[in-house]
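Here is the structure we will look at.
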Amino acid sequence: MTGLAIGIEDVRAAAARLEGVAHRTPVLTSATADAMTGARLFFKPENLQRMGAFKFRGAYNALAKLKAEPRPPRGVVAFSSGNHAQAVALAGRLLGLETVIVMPSDAPLIKRQATEGYGGEVVAYDRYTQDREA
């Protein structure tokens, strides 16, 4: 595949990388919501995913692709103060990659602790006086 577009083979490859790693979250319906909207609605509760967010799927897929390269990196750096930070940290831990997460110093402590709990090294910066890129 060229450019930014993804095709069905990309989706299948990602699904194969995630098989046995990501949780298979259910698809739910609600007769009440259907009646209120006049449409058939489907809900995918990704809060049941590992680390509580769909972002795990993307982070794991991206890092697994890097890990499979002929010369895989020892680790990765990501910029985030939320679910992406935690997803990258967890994916890195599962794949044996070091993860450094650049996070604003005023990010909620619970976010920093969760990221560190998943194995990420957090490097804080002041979003008002510092540039996060070196």
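Numbering-wise (our numbering), the sequence shown opens with residue 79 and increments by one.
Cβ atoms here follow ideal geometry from the backbone N, Cα and C, with glycine treated the same way.
Handout entry: Opening and closing residue of the alpha helix (DSSP H) in which residue 166 lies
Key = As a first step, residue 166 is located in the sequence shown; it is residue number 88 there, counting from the start. Counting along the chain, the alpha helix (DSSP H) containing residue 166 begins and ends at 161–173.
Handout entry: Residue of 171, 125 and 88 minimising C-alpha distance to residue 106
Key = What you label residue 106 is simply residue 28 of the sequence shown in a count that begins at 1. Answer by Cα proximity: 125.
Exercise for the section: Have a look at the DSSP bridge pairing and note the partners of residue 138. Expected result: Position 60 of the sequence shown, counting from 1, holds the residue named residue 138. Paired residues: none, contrary to the question.
Handout entry: For residue 256, three-class secondary structure by DSSP
Key = Lying outside 79 to 212, the shown extent of the chain, residue 256 is not represented and no answer is given.
Problem - Contacting residues, own chain, Cβ-Cβ under 6 Å from residue 90 (five flanking each side not counted) - result: Position 12 of the sequence shown, counted from the start, is the residue given in the question as residue 90. Correct list: empty, nothing qualifies.
Handout entry: Nearest neighbour of residue 96, chosen from 157, 127, 151 and 198 [CA to CA]
Key = Position 18 of the sequence shown, counted from the start, is the residue given in the question as residue 96. Checked all of 157, 127, 151 and 198; the closest Cα to residue 96 is 127.
Problem - DSSP three-state assignment for residue 71, whether helix, strand or coil - result: Any answer about residue 71 is impossible in this case: the structure gives the chain only from 79 up to 212.
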